[in-house]
Amino acid sequence: MCVIDAMERLTPEDPVRIGHHVLVARLGAGGMGRVYLGRTPGGTPIAIKVIHEHLARDPRFRARFRREVANARSVSGAFTAPVLEADPEASTPWLATAYLPGLSLQEAVRTHGPFPVEATLALAAGLAEGLDSIHRAGVVHRDLKPSNVLLSGEGPRIIDFGIARAADDHALTRPGGVLGTPGYMAPEQAAGREVRPAGDVFALGAVLGFTVLGRRVFGDGPLPVMIHRVLHEDPDLDGIPDTFLRGLVADCLARNPALRPTSAMLLDRLSWAGTAPVGVGWLPAPLAEAVRTRQAQPPPATMPLPRRVRRRRLLVAGGIAAAGAAGAGLGELTAWRRSGTGTSPRTPETPAAAEGGPTGGGPASGRVRWRLRDSRTEAAPVIDERTAYAVTSTGDLGGAEGWILAVDVQSGKQRWKRGIKRSSERVAVGGGTVVALEAGGLDNAALGARWKLTAFDTADGKRRWSASLAAPVQPPLAADGLVIVAGDALIAFDLRTGTERWRRSLDWVASHPVMTARDGALCVLTREELRVLETASGRTVWRRRVQGRAAALQDTGTVYVTDLADRLHAVRQGKGGWSATAGKVVRPPLVYGDTVVVQDLAGFVRAFDRGTGRQRFAVPVQAGGSETATAPPARVGGTLYAPGGDTVHAVDLDRGRLAWRVRLDAEVEGLDAVDGAVICSTGDLVAVTGP
Numbered sequence: 001m002c003v004i005d006a007m008e009r010l011t012p013e014d015p016v017r018i019g020h021h022v023l024v025a026r027l028g029a030g031g032m033g034r035v036y037l038g039r040t041p042g043g044t045p046i047a048i049k050v051i052h053e054h055l056a057r058d059p060r061f062r063a064r065f066r067r068e069v070a071n072a073r074s075v076s077g078a079f080t081a082p083v084l085e086a087d088p089e090a091s092t093p094w095l096a097t098a099y100l101p102g103l104s105l106q107e108a109v110r111t112h113g114p115f116p117v118e119a120t121l122a123l124a125a126g127l128a129e130g131l132d133s134i135h136r137a138g139v140v141h142r143d144l145k146p147s148n149v150l151l152s153g154e155g156p157r158i159i160d161f162g163i164a165r166a167a168d169d170h171a172l173t174r175p176g177g178v179l180g181t182p183g184y185m186a187p188e189q190a191a192g193r194e195v196r197p198a199g200d201v202f203a204l205g206a207v208l209g210f211t212v213l214g215r216r217v218f219g220d221g222p223l224p225v226m227i228h229r230v231l232h233e234d235p236d237l238d239g240i241p242d243t244f245l246r247g248l249v250a251d252c253l254a255r256n257p258a259l260r261p262t263s264a265m266l267l268d269r270l271s272w273a274g275t276a277p278v279g280v281g282w283l284p285a286p287l288a289e290a291v292r293t294r295q296a297q298p299p300p301a302t303m304p305l306p307r308r309v310r311r312r313r314l315l316v317a318g319g320i321a322a323a324g325a326a327g328a329g330l331g332e333l334t335a336w337r338r339s340g341t342g343t344s345p346r347t348p349e350t351p352a353a354a355e356g357g358p359t360g361g362g363p364a365s366g367r368v369r370w371r372l373r374d375s376r377t378e379a380a381p382v383i384d385e386r387t388a389y390a391v392t393s394t395g396d397l398g399g400a401e402g403w404i405l406a407v408d409v410q411s412g413k414q415r416w417k418r419g420i421k422r423s424s425e426r427v428a429v430g431g432g433t434v435v436a437l438e439a440g441g442l443d444n445a446a447l448g449a450r451w452k453l454t455a456f457d458t459a460d461g462k463r464r465w466s467a468s469l470a471a472p473v474q475p476p477l478a479a480d481g482l483v484i485v486a487g488d489a490l491i492a493f494d495l496r497t498g499t500e501r502w503r504r505s506l507d508w509v510a511s512h513p514v515m516t517a518r519d520g521a522l523c524v525l526t527r528e529e530l531r532v533l534e535t536a537s538g539r540t541v542w543r544r545r546v547q548g549r550a551a552a553l554q555d556t557g558t559v560y561v562t563d564l565a566d567r568l569h570a571v572r573q574g575k576g577g578w579s580a581t582a583g584k585v586v587r588p589p590l591v592y593g594d595t596v597v598v599q600d601l602a603g604f605v606r607a608f609d610r611g612t613g614r615q616r617f618a619v620p621v622q623a624g625g626s627e628t629a630t631a632p633p634a635r636v637g638g639t640l641y642a643p644g645g646d647t648v649h650a651v652d653l654d655r656g657r658l659a660w661r662v663r664l665d666a667e668v669e670g671l672d673a674v675d676g677a678v679i680c681s682t683g684d685l686v687a688v689t690g691p
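The numbering of the sequence shown is UniProt numbering, which starts it at 1 and goes up by one.
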């Protein structure tokens, strides 16, 4: 089952049928596959998830998918969305679930705000009953979160239960399956242990906390800090106004799984709550109306195909360079270009989506230059000169193998590849050195993560140095010949030698610092404070009390900060400054000329006058992205490259308009750009360019 926020027309390279079902429209895409609206031979609308081809080629994924589809089919209940049909043996595996138009809980809270206590208790009763149905069938959900709760005209529904799925920028994986989503996964999941029903109860507590508070109970942040919090810190339940609800959430979030109530016990505790979550009457009035409106929109009988663009597939000269045993198993490199002649039949080697194809009316379409298949990138790549550096992984936090790879930006040819322990954070590059954050494993006795920084020579990938860390909470940052990381302290190492240059043991480091640097200045932003330091020495130049989310330096005296109230501030060392409404912005702002630019989660790129804060333009792009995203959009000259869902958008900052866009076959987790190419992480490493 898929939560439907918008439909898109089919592209020429989308399949027309899956099994005996006719496809009607695109509904969305994720790490596991693309979801379509389809119709049965009798005309019933259904949601069909088609597995990505690189996963279909993985025997382990197929076996897991086959087993878990069988388990999920046995689930029935009033608050679950049933699996109707599936074919795990097809050349491209798929599964079909009931189509229920509605809003995800994530979208509902983001758009309409926190739920009142009564509605939250009603939701708790419905979700507890749904989990009980799932658990009685011998299935464990493993990834319950607000985006997997659908608010439909028939009541809430738990979706995507028990189905194997690939990793996305918000999920942790191990060879046996999904571990969960940071902020909702249980401590035992973070430690790589077997996932049992108690893990779903923990996730339910986190979901209910999000519902009534409008924020995550473990806060936001990159992967390492989220793991550290769930393993070692208590959830922040301040603000839950009802004693009973607060106690219920706290019990679900017990660190020891043996102390959590079962789903059946939760049902008993909630039996007095009164309002049953049936229909929409239990919801706040504005939200109930939004659900009714969504439900009243009938699914189309068909959505017309755009004009077909002919393509032909090219072999890329050089292919993938061999790098000994370390380079084996990366997959294939493919490229596409537009052509006035020839056809492009669907084959297992061509992409499942019309990558670079028409996106409907409006701006021109970009194109895919090359793709490094099965590279399993998990973080935004970083470009230095003409080389892109990316972290890949195939395993879990407990020490599974991953790689750091260097790829030529223009050709996609692999320059080198070196093994590291798994990391989902982007690298730092500077001074002929690329630095990766490695997960050294989990200390299960203390339930603590061990980490280290490892530096490689950019020319040949040789290891230069490594340094042990305690609980890092941000990706490393390269600036002014140093690499800076926040762990139990703020530490600066020499990029080339690994020598520790300075260390600041400050309490505010533990509060999810966001770091940015420019022209000899280092900005460190936490949820309580902004500090500007001298990069070379670590000396504090000035500070302000700011509850910030992301920041960008203009110079030592001016920082642009987005806060928790969806506003953008110009914070100055002296007097002055301004504040403007900017939407929910989690990615760092960018400074361009006399403007500061932000991309919000609702789907707008906004530019503000640096001096006055007046908004100059707002360019709509596709909404999407994680609330824990830390990688900024990329800028080359006057063009901003912004990820949104499965699409890369090129925004002309001088004219305030969308210049072109290109759609890929999975969500864009992060990107970086250089003149002539944008390198994206979608699970694969993909290069796109303008028309």
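The beta carbon of each residue, even a glycine, is placed where N, CA and C say it ideally should be.
DSSP, read as helix, strand or coil, puts Thr535 in coil. Inclusion of Leu653 and Gly638 in the CB contact set at 8 Å is warranted, their separation being smaller than that value. Taking the Cα positions, Asp14 is about 16 Å away from Val662.
Residue pairing of His649 in beta bridges, as defined by DSSP: Ala642, Arg661. The C-alpha of Val597 is placed about 34 Å away from the C-alpha of Leu144.
Of the residues Val217, Glu154, Pro381, Asn256, the one whose Cα lies closest to the Cα of Gly279 is Glu154.
Of Val429, Val24, Lys452, Ala428, the smallest CA-CA separation from Glu438 is found for Lys452. Under DSSP, Arg39 takes part in a beta bridge, and its partners are Val22, Pro45.
Of the residues Ala479, Ala517, Gly577, the one whose Cα lies closest to the Cα of Arg544 is Gly577. The alpha helix (DSSP H) runs of length 4 or more contained entirely in the stretch 71-157 are, from start to end of the chain, 105-112, 117-136. Between Ile420 and Thr454, the gap from beta carbon to beta carbon is short of 8 Å. Cα atoms of Pro284 and Gly126: separation of roughly 16 Å, rounded to the nearest angstrom. With contacts defined as CB atoms closer than 8 Å, Glu425 and Pro222 qualify as a contacting pair. Of Ala687, Gly683, Thr682, the smallest CA-CA separation from Gly676 is found for Ala687.
According to the DSSP assignment, Ser466 belongs to the beta strand (DSSP E) that extends over 463-470. Per DSSP, reduced to three states, the secondary structure at His569 is strand.
Rounded to whole angstroms, the separation of the alpha carbons of Arg655 and Phe617 is 9 Å. Assigned with DSSP and collapsed to three states, Met185 falls in coil, not helix or strand. In the structure shown, Phe617 falls within a strand segment according to DSSP collapsed to helix, strand and coil. Between the stretch 113-123 and the stretch 32-47, the count of C-beta pairs closer than 8 Å stays below three; the two stretches do not touch.
A direct Cα-Cα distance of roughly 21 Å separates Leu123 from Phe218. Per DSSP, Val249 is not a residue of any beta strand (DSSP E); the alpha helix (DSSP H) it occupies stretches across 243-252. For Thr526, no beta strand (DSSP E) encloses it, and the DSSP letter there is neither H nor E. Distance from the CA atom of Tyr641 to the CA atom of Arg376, rounded to whole angstroms, is 22 Å.
An exposed status is given to Ser271, since fewer than 16 other beta-carbon atoms sit within 10 Å of its beta-carbon.
Spatial neighbours of Ala198 in its own chain (CB-CB distance under 6 Å, excluding positions within 5 residues in sequence) are listed in chain order as Pro257, Arg260. Put simply, of Pro620, Thr595, Val483 the residue whose alpha carbon is nearest the alpha carbon of Trp465 is Val483. Thr558 sits away from Gly548, with the two beta carbons spaced by 8 Å or more. Counting C-beta atoms within 10 angstroms of its own C-beta, Leu564 has fewer than 16 neighbours from the protein chains shown and is therefore classed as exposed. Exclusion of the five residues before and after Ser74 leaves Ala137 as the residues of its chain whose Cβ lies within less than 6 Å of its Cβ. In the three-state scheme derived from DSSP, where H, G and I count as helix and E and B as strand, Leu671 is classed as strand. The beta carbons of Ser681 and Pro241 sit no closer together than 8 Å. Between the alpha carbons of Thr556 and Gly481 lies a gap of roughly 18 Å.
Taken through DSSP and simplified to helix, strand or coil, Asp384 comes out as strand. With respect to the C-alpha of Leu10, the residue from Thr516, Ala666, Arg26, Val648 having the closest C-alpha is Arg26.
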